[in-house]
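Taking it in order: structure first as structure tokens, then the write-up.
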Ligand SMILES: Nc1ncnc2c1ncn2[C@@H]1O[C@H](COP(=O)(O)OP(=O)(O)OP(=O)(O)O)[C@@H](O)[C@H]1O
Ligand SMILES: [Mg+2]
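Protein chains in written order, with UniProt numbering: chain A, 1 to 292; chain B, 1 to 248.
Following this line, the structure appears as structure tokens:
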């Protein structure tokens with residue numbers, strides 16, 4: 001998932017390449033042959049859906065034509081059928097809720113801790129001396145490599161799972177928020193100083209809004225990392241959750257259930273990224289006006 | 001402008017005595033002394049690198065990391081207009097004007113200040129939606145809404161085109177006549193200095209090399225003979241030779 005296509009998400013709205021052409025009278029038309037447009041041109045409506053739809057078509061045709069063995073990859077409609085059955089039995093919702101709850105807890109703790117650490121280390125030299133080193137070390141160790149240790153410490157229950165997710169989430173939040181805090185233009189600091197602004201007010205009005213773009217960028221990474229870690233912890237040891245459902249299906253060779261699980265993961269990832277982007281665009285509307 | 005030179009006397013608002021500022025081995029300001037009267041408009045000229053900004057920053061209390069000595073008295077109520085408008089991009093225009101102003105009637109005063117600079121109706125715009133000149137007007141409103149006794153401005157119009165700059169001169173003159181702050185305006189532009197100021201200083205070699213009172217009645221005409229004389233006098237102090245002004 002490209003969690004970073006911050007600009008790509010808004011850039012296609014720029015209509016200059018084509019709209020300008022409409023304003024040019026036919027007489028001026030030849031000018032165009034001389035100038036080569038470097039921009040990409042008009043955006044395709046719902047362009048993002050074309051690729052996935054094409055895949056779906058190929059998959060369907062392959063299934064109908066018998067080119068794809070149903071044991072390797074069941075037909076789209078049988079996957080949909082399986083999903084309906086799972087929902088009717090209440091299993092899918094149950095696993096989904098468990099997974100979502102785990103991810104949400106890990107995300108909340110990770111975001112809170114990451115933000116607090118970033119603020120402490122971003123706003124004081126001492127804080128940075130104490131916090132930044134350990135976080136960088138933690139960053140160098142893949143979170144998933146910590147799972148054996150976390151299992152020994154926290155057992156194999158929910159605590160271990162939420163901790164693993166939180167540890168993975170905290171890193172991007174910390175890194176992005178911290179660097180955004182530190183790169184706030186010193187000219188604004190000067191301004192606040194000449195306006196005799198108090199420290200608390202300065203943090204609230206200058207530092208926090210200035211760090212918000214970094215925080216949101218970190219959050220978009222964080223959401224991706226949360227799902228990623230969720231998948232792993234659920235397959236390591238779990239008795240419920242989408243990952244457990246997939247793992248169980250693997251034991252019985254139920255490819256259709258595995259596909260349902262993967263589709264659910266994809267939808268969760270896309271939906272949560274969409275939610276973050278929604279809030280990002282709303283809180284950073286002062287910036288969006290630039291791209292419009 | 002010259003009108004409020006006479007009547008207002010008393011202790012100067014700004015008093016600088018033997019101010020020294022050093023960057024490493026280089027002494028930029030070397031025992032500089034300067035007084036500014038209440039409500040007086042002083043323009044500061046000087047070659048690039050002569051220490052104009054250093055002097056202004058010393059007065060804006062922005063140089064705590066710079067080594068130096070000297071006595072410096074400035075009023076608490078002072079505000080600074082920078083070369084860039086320096087608006088916070090995440091605050092709307094009105095919020096920028098009253099930024100850091102902790103008063104119950106802040107919003108109302110902000111609106112009035114925006115009206116004074118001709119920007120009423122734009123209160124809710126984002127800074128990126130304004131032109132350079134409009135942004136600088138917002139910065140001016142932000143300074144004036146605090147009713148400063150001293151307005152410090154470091155080439156506030158340097159980034160504006162010539163036409164906008166002339167408009168800003170008129171605006172600044174009107175606003176200063178109304179609010180009567182003492183002004184220290186750093187500029188490169190000799191005409192700007194002579195048009196606006198009651199007194200023009202030339203900074204050179206770490207001290208005040210020239211201190212010229214402008215005795216031309218306002219509004220001042222660039223074509224005026226006296227204007228031309230003062231201009232060439234200042235340019236000589238700045239090390240630029242000019243042809244003698246031809247009598248009309
Ligand atoms: N932070 C600093 N560190 C080292 N040297 C500095 C610093 N700030 C200014 N200087 C030096 O002090 C001298 C005076 O700088 P200043 O900015 O006051 O000049 P200025 O008169 O405002 O010039 P300009 O008209 O180009 O803005 C310059 O030679 C500059 O190199
Ligand atoms: Mg300067």
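All C-beta atoms, glycine included, are put in the ideal place defined by N, C-alpha and C.
Among the options, nearest to residue i - alpha-carbon criterion
{"i": "residue 152 of chain B", "options": "B:31, B:19, B:43, B:23", "result": "B:43"}
{"i": "residue 239 of chain B", "options": "B:213, B:218, B:203", "result": "B:203"}
{"i": "residue 92 of chain A", "options": "A:282, A:258, A:107", "result": "A:258"}
{"i": "residue 93 of chain B", "options": "B:155, B:184, B:110", "result": "B:110"}
{"i": "residue 49 of chain B", "options": "B:164, B:23, B:39", "result": "B:23"}
{"i": "residue 252 of chain A", "options": "A:71, A:56, A:66", "result": "A:71"}
{"i": "residue 61 of chain A", "options": "A:45, A:118, A:75", "result": "A:75"}
{"i": "residue 94 of chain A", "options": "A:283, A:245, A:262, A:268", "result": "A:245"}
{"i": "residue 77 of chain B", "options": "B:29, B:180, B:215", "result": "B:180"}
{"i": "residue 18 of chain B", "options": "B:208, B:175, B:128, B:119", "result": "B:208"}
{"i": "residue 107 of chain A", "options": "A:89, A:222, A:158", "result": "A:222"}
{"i": "residue 217 of chain B", "options": "B:75, B:226, B:29", "result": "B:226"}
{"i": "residue 174 of chain A", "options": "A:205, A:128, A:159", "result": "A:128"}
{"i": "residue 125 of chain B", "options": "B:97, B:220, B:215", "result": "B:97"}
{"i": "residue 185 of chain B", "options": "B:16, B:21, B:55", "result": "B:55"}
{"i": "residue 72 of chain B", "options": "B:175, B:58, B:83, B:41", "result": "B:58"}
{"i": "residue 188 of chain A", "options": "B:233, B:131, B:139", "result": "B:139"}
{"i": "residue 185 of chain A", "options": "A:53, A:207, A:264, A:270", "result": "A:207"}
{"i": "residue 170 of chain B", "options": "B:52, B:195, B:128, B:79", "result": "B:195"}
{"i": "residue 205 of chain A", "options": "B:26, B:102, B:47, B:14", "result": "B:102"}
{"i": "residue 232 of chain A", "options": "A:48, A:54, A:156", "result": "A:156"}
Anticipated Cβ contact below 8 Å, residue i with residue j, distance rounded
{"i": "residue 169 of chain A", "j": "residue 111 of chain A", "result": "6 Å"}
{"i": "residue 62 of chain B", "j": "residue 193 of chain A", "result": "6 Å"}
{"i": "residue 147 of chain A", "j": "residue 236 of chain A", "result": "6 Å"}
{"i": "residue 99 of chain A", "j": "residue 241 of chain A", "result": "4 Å"}
Inter-residue Cα distance where the pair is residue i and residue j
{"i": "residue 69 of chain A", "j": "residue 83 of chain A", "result": "20 Å"}
{"i": "residue 187 of chain B", "j": "residue 178 of chain B", "result": "22 Å"}
{"i": "residue 274 of chain A", "j": "residue 243 of chain A", "result": "22 Å"}
{"i": "residue 229 of chain A", "j": "residue 209 of chain A", "result": "30 Å"}
{"i": "residue 90 of chain B", "j": "residue 287 of chain A", "result": "8 Å"}
{"i": "residue 197 of chain B", "j": "residue 177 of chain A", "result": "46 Å"}
{"i": "residue 60 of chain B", "j": "residue 67 of chain B", "result": "15 Å"}
{"i": "residue 193 of chain B", "j": "residue 200 of chain B", "result": "7 Å"}
{"i": "residue 236 of chain B", "j": "residue 190 of chain B", "result": "11 Å"}
{"i": "residue 114 of chain A", "j": "residue 140 of chain A", "result": "16 Å"}
{"i": "residue 81 of chain B", "j": "residue 154 of chain B", "result": "6 Å"}
{"i": "residue 281 of chain A", "j": "residue 179 of chain A", "result": "20 Å"}
{"i": "residue 133 of chain B", "j": "residue 285 of chain A", "result": "23 Å"}
{"i": "residue 225 of chain A", "j": "residue 143 of chain A", "result": "10 Å"}
{"i": "residue 12 of chain B", "j": "residue 172 of chain B", "result": "22 Å"}
{"i": "residue 31 of chain B", "j": "residue 137 of chain B", "result": "35 Å"}
{"i": "residue 103 of chain A", "j": "residue 109 of chain A", "result": "10 Å"}
{"i": "residue 165 of chain B", "j": "residue 167 of chain A", "result": "55 Å"}
{"i": "residue 198 of chain A", "j": "residue 150 of chain A", "result": "43 Å"}
{"i": "residue 77 of chain A", "j": "residue 249 of chain A", "result": "18 Å"}
{"i": "residue 6 of chain A", "j": "residue 156 of chain B", "result": "Its pLDDT being 40, under 50, residue 6 of chain A is placed unreliably by the model, and the measurement read from it follows with that caveat. Whole-angstrom Cα-Cα distance: 35 Å."}
{"i": "residue 217 of chain A", "j": "residue 278 of chain A", "result": "13 Å"}
{"i": "residue 222 of chain B", "j": "residue 228 of chain B", "result": "7 Å"}
{"i": "residue 28 of chain B", "j": "residue 39 of chain A", "result": "50 Å"}
{"i": "residue 220 of chain A", "j": "residue 158 of chain A", "result": "24 Å"}
{"i": "residue 38 of chain B", "j": "residue 213 of chain B", "result": "15 Å"}
{"i": "residue 45 of chain B", "j": "residue 131 of chain A", "result": "48 Å"}
{"i": "residue 52 of chain B", "j": "residue 141 of chain B", "result": "24 Å"}
{"i": "residue 214 of chain A", "j": "residue 238 of chain A", "result": "34 Å"}
{"i": "residue 212 of chain A", "j": "residue 87 of chain A", "result": "39 Å"}
Cross-chain neighbours of residue i in chain B, by beta carbon under 8 Å
{"i": "residue 209 of chain A", "result": "88, 90, 91"}
{"i": "residue 205 of chain A", "result": "88, 91, 99, 100"}
{"i": "residue 153 of chain A", "result": "Going along chain B, no residue has its Cβ under 8 Å from residue 153 of chain A, so there is no contact; the nearest lies around 42 Å."}
Neighbour list for residue i in chain A, Cβ cutoff strictly below 9 Å
{"i": "residue 186 of chain B", "result": "Going along chain A, no residue has its Cβ under 9 Å from residue 186 of chain B, so there is no contact; the nearest lies around 15 Å."}
{"i": "residue 79 of chain B", "result": "194, 195"}
Chain-ordered neighbours of residue i on chain B, where CB pairs are closer than 7 Å
{"i": "residue 190 of chain A", "result": "62"}
{"i": "residue 281 of chain A", "result": "Here the premise fails: no neighbours, minimum Cβ distance about 14 Å."}
Contacts that residue i makes with chain A (C-beta to C-beta distance below 8 Å)
{"i": "residue 131 of chain B", "result": "What residue 131 of chain B touches in chain A: nothing, since even the nearest Cβ is about 14 Å away."}
Contacts of residue i in chain B (Cβ-Cβ under 9 Å)
{"i": "residue 187 of chain A", "result": "82, 84, 86"}
{"i": "residue 201 of chain A", "result": "100, 102"}
Interface flag, residue i vs chain C, CB-CB below 9 Å
{"i": "residue 75 of chain B", "result": "Considering every chain present, this structure includes no chain C. Its protein chains are A and B."}
Exercise. In chain order, what residues have a CB nearer than 7 Å to some heavy atom of ligand 2?
Worked result: B:52, B:53, B:154, B:155, B:186
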